[in-house]
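Asker: Which chain is which? The protein sequence lines are A and B, in order.
Mapped onto the numbering used here, the consecutive letters of the first sequence carry residue numbers 1 to 94.
Mapped onto the numbering used here, the consecutive letters of the second sequence carry residue numbers 1001 to 1255.
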Amino acid sequence: MSKEWPLWEVFIRGAHGMSHRHVGSLHAANAEHAIRNARDVYTRRNEGVSIWVVEAAHIAASNPSEKGPLYDPARDKVYRHPTFYDVPDDAGNM
Amino acid sequence: MDQTLKDHLVAFLLRQGDNTLVLGHRTSEWCGTAPALEEDIALANTALDLIGQTQLWLGYAAEVEGTGRTANDLAFRRDAYDFKNLLMLEVPNEDFGRTILRQFFFDAFQVPWLDALQGSTDERVAGIAAKSLKEALYHLDRSSETVIALGDGTEVSNSRMQAALDYLWPYTGEMFADDATDAAMSGAGIAPLPSTLHTGWRGKVAEVMTSATLTTPDSTFSHKGGRTGTRHTEHLGHMLATMQVLQRSHPGAAW
Chain A
1 MSKEWPLWEV FIRGAHGMSH RHVGSLHAAN AEHAIRNARD VYTRRNEGVS IWVVEAAHIA
61 ASNPSEKGPL YDPARDKVYR HPTFYDVPDD AGNM
Chain B
1001 MDQTLKDHLV AFLLRQGDNT LVLGHRTSEW CGTAPALEED IALANTALDL IGQTQLWLGY
1061 AAEVEGTGRT ANDLAFRRDA YDFKNLLMLE VPNEDFGRTI LRQFFFDAFQ VPWLDALQGS
1121 TDERVAGIAA KSLKEALYHL DRSSETVIAL GDGTEVSNSR MQAALDYLWP YTGEMFADDA
1181 TDAAMSGAGI APLPSTLHTG WRGKVAEVMT SATLTTPDST FSHKGGRTGT RHTEHLGHML
1241 ATMQVLQRSH PGAAW
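#1: Report the neighbours of ASN1045/B on chain A: residues whose CB is nearer than 8 Å to its CB, in chain order.
#2: For GLU1145/B, return the contacting residues in chain A, with the cut-off set at a CB-CB distance below 9 Å.
#3: Count the other C-beta atoms from every protein chain shown that fall within 10 angstroms of the C-beta of VAL49/A, then say buried if there are 16 or more, exposed otherwise.
#4: What is the rounded straight-line gap between the Cα of VAL1125/B and the Cα of ILE1190/B?
#5: Would the beta-carbon of LEU1168/B fall within 9 Å of that of LEU1101/B?
#6: On the CB-based measure, 16 or more other CB atoms within 10 Å of its CB, does GLY1226/B come out buried or exposed?
#7: Could you name the residues of chain B that LEU26/A contacts, counting a contact when the two beta carbons are closer than 7 Å?
#8: Applying the criterion that 16 or more other CB atoms from any shown protein chain within 10 Å of the CB defines a buried residue, is THR1054/B buried or exposed?
#9: List the endpoints of the continuous alpha helix (DSSP H) containing SER1159/B.
#10: Any beta carbon of chain A sitting closer than 9 Å to that of ALA1163/B?
#11: How about TRP52/A: is its C-beta nearer than 9 Å to some C-beta of chain B?
#12: Go ahead and label ARG1248/B buried or exposed: buried means 16 or more other beta carbons lie within 10 angstroms of its beta carbon, across all protein chains shown.
#13: Strictly below 7 Å CB to CB, what residues from chain B border ALA29/A?
#14: Leaving out five residues on either side along the sequence, give the residues of the same chain with a beta carbon under 6 Å from the beta carbon of PRO6/A.
#15: Following the continuous beta strand (DSSP E) through GLU1094/B, name the residue where it begins and the one where it ends.
#16: Would you mind listing the beta strand (DSSP E) stretches within the stretch 15-84 of chain A that are 3+ residues and don't spill past its ends, in chain order?
#17: Please work out which residues of its chain come closer than 6 Å, Cβ to Cβ, to PHE1104/B, disregarding the five sequence neighbours upstream and downstream, and give them in chain order.
#18: Can you confirm whether ILE1041/B, when its beta carbon is compared against all beta carbons of chain A, has any partner nearer than 9 Å?
#19: State the beta-bridge partners of ARG1142/B as determined by DSSP.
#20: Note the first and the last residue of the continuous alpha helix (DSSP H) segment covering PHE11/A.
#21: Rounded to the nearest angstrom, what separates ALA28/A and ILE51/A at their Cα positions?
#22: Tell me the rounded alpha-carbon separation between ASP1178/B and MET1185/B.
#23: So, using beta-carbon positions, are THR1070/B and GLY1052/B closer together than 9 Å?
#24: Would TYR1060/B count as contacting chain A if we go by Cβ distances under 9 Å?
#25: Since ARG1142/B meets chain A, which of its residues come closer than 7 Å, beta carbon to beta carbon?
#26: Following the continuous alpha helix (DSSP H) through MET1243/B, name the residue where it begins and the one where it ends.
#27: Apply the 10 Å Cβ neighbour rule to PHE1221/B and answer buried if 16 or more other Cβ atoms are within range, or exposed otherwise.
#28: Does chain D have any CB closer than 9 Å to the CB of SER1159/B?
#29: Excluding sequence positions up to five away, which residues of its chain have a Cβ less than 6 Å from the Cβ of HIS1223/B?
#30: Using the Cα positions of GLN1162/B and THR1215/B, report the straight-line distance between them to the nearest angstrom.
#31: Following the continuous alpha helix (DSSP H) through LYS1084/B, name the residue where it begins and the one where it ends.
#32: Looking at C-alpha atoms only, which residue of ASP1115/B, ASP1082/B, SER1132/B, ALA1212/B is the closest neighbour of GLY1200/B?
#33: Identify which residue in ARG1015/B, ASN1019/B, GLN1118/B, LEU1140/B has its Cα closest to the Cα of VAL1208/B.
#34: Pull up the distance between the alpha-carbon of LYS3/A and that of ASP1107/B, whole angstroms please.
#35: I'd like the list of long-range same chain contacts for ALA1262/B, defined as Cβ closer than 7 Å, with 5 residues on each side in sequence excluded.
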């Protein structure tokens, strides 16, 4: 068994941010410990109002070597962007 | 305010400020050497919180004293016997276990103490307490959880925590030993008698020690002399030598 604490990925929602953003990672023994460490490591300059942590081992990631087949086909499909419409003011942030 | 009450108020404020100053400095000694990067930053944050509280307490102490001294003068130009901090806070860190257990003993006192001080008849005291309490609540959360994790951890971590407990226990009683200054503060409605917090503190400590599978010593013997300044340990002078060297060498030096 490894004696190192597991790695956790940290997500912070800023005071005026609308979603949690990945800010970095840290080591901690469990989820509560990870949140306290995230508070101390990543919010000491008043960056956040909410913290999420997830153990890095639970994140499934796409393979960088498959970049071509995954993303290139979307490049020439400009009609998928909603840029041909006028967005009403009432719609707010999109 | 009559002179006697004023003297007691200054002594009370020095106790408040010296506690946070001495513990803040001890905690800052971990900067760069803590067992994990995350703990290193957390300890530095705690130290900075405590030094920030010190500026408020000693700043007010200097104002009430009214002799022209500043918070910096009080922190860096007084000798060991002028300090009025608890002995528990000046003993060496030894290891991470003793450091965090001491922090827990202090936090478990500070939270109800600062909570009560929010209702002080002295508005400045109430204001400083309200600001400090938010920090103390977080410190207590972190220190109590860390004490539990280490006490109820491995055989090694448990034995080191038990050694820290046996060492620190005789120093805890000083927090609750009332004297004439406490009586004067209580009489003026500025602060409660520390002894009135003893039962609640014992309850909180018992709860955390049980979860941490640590055994509290039976002894009620208590070292005294820090709050009154009459009998500090030999460790305070060494700590002050390091802490004060710059202001002693270059009096009045500023950023």
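All C-beta atoms, glycine included, are put in the ideal place defined by N, C-alpha and C.
Answerer: Based on what the coordinates show:
#1: ASP40, ARG44
#2: GLU32, HIS33, ARG36
#3: exposed
#4: 8 Å
#5: yes
#6: buried
#7: GLU1038
#8: buried
#9: 1155-1172
#10: no
#11: no
#12: exposed
#13: ALA1149
#14: GLU55
#15: Neither: GLU1094/B is in no beta strand (DSSP E) and is coded neither H nor E.
#16: 21-27, 50-55
#17: SER1143, SER1144, VAL1147
#18: yes
#19: In DSSP, ARG1142/B forms no bridge with anything.
#20: Per DSSP, PHE11/A belongs to no alpha helix (DSSP H); it is in the beta strand (DSSP E), 7-13.
#21: 15 Å
#22: 11 Å
#23: no
#24: no
#25: ARG36
#26: 1234-1249
#27: exposed
#28: Absence of chain D from the displayed structure is noted, the protein chains being A and B.
#29: LEU1087, PRO1170, TYR1171
#30: 7 Å
#31: Note, LYS1084/B: premise wrong, no alpha helix (DSSP H); not H, not E.
#32: ASP1115/B
#33: LEU1140/B
#34: 29 Å
#35: Nothing about residue 1262/B can be reported from this structure: the residues present for chain B run from 1001 to 1255 only.
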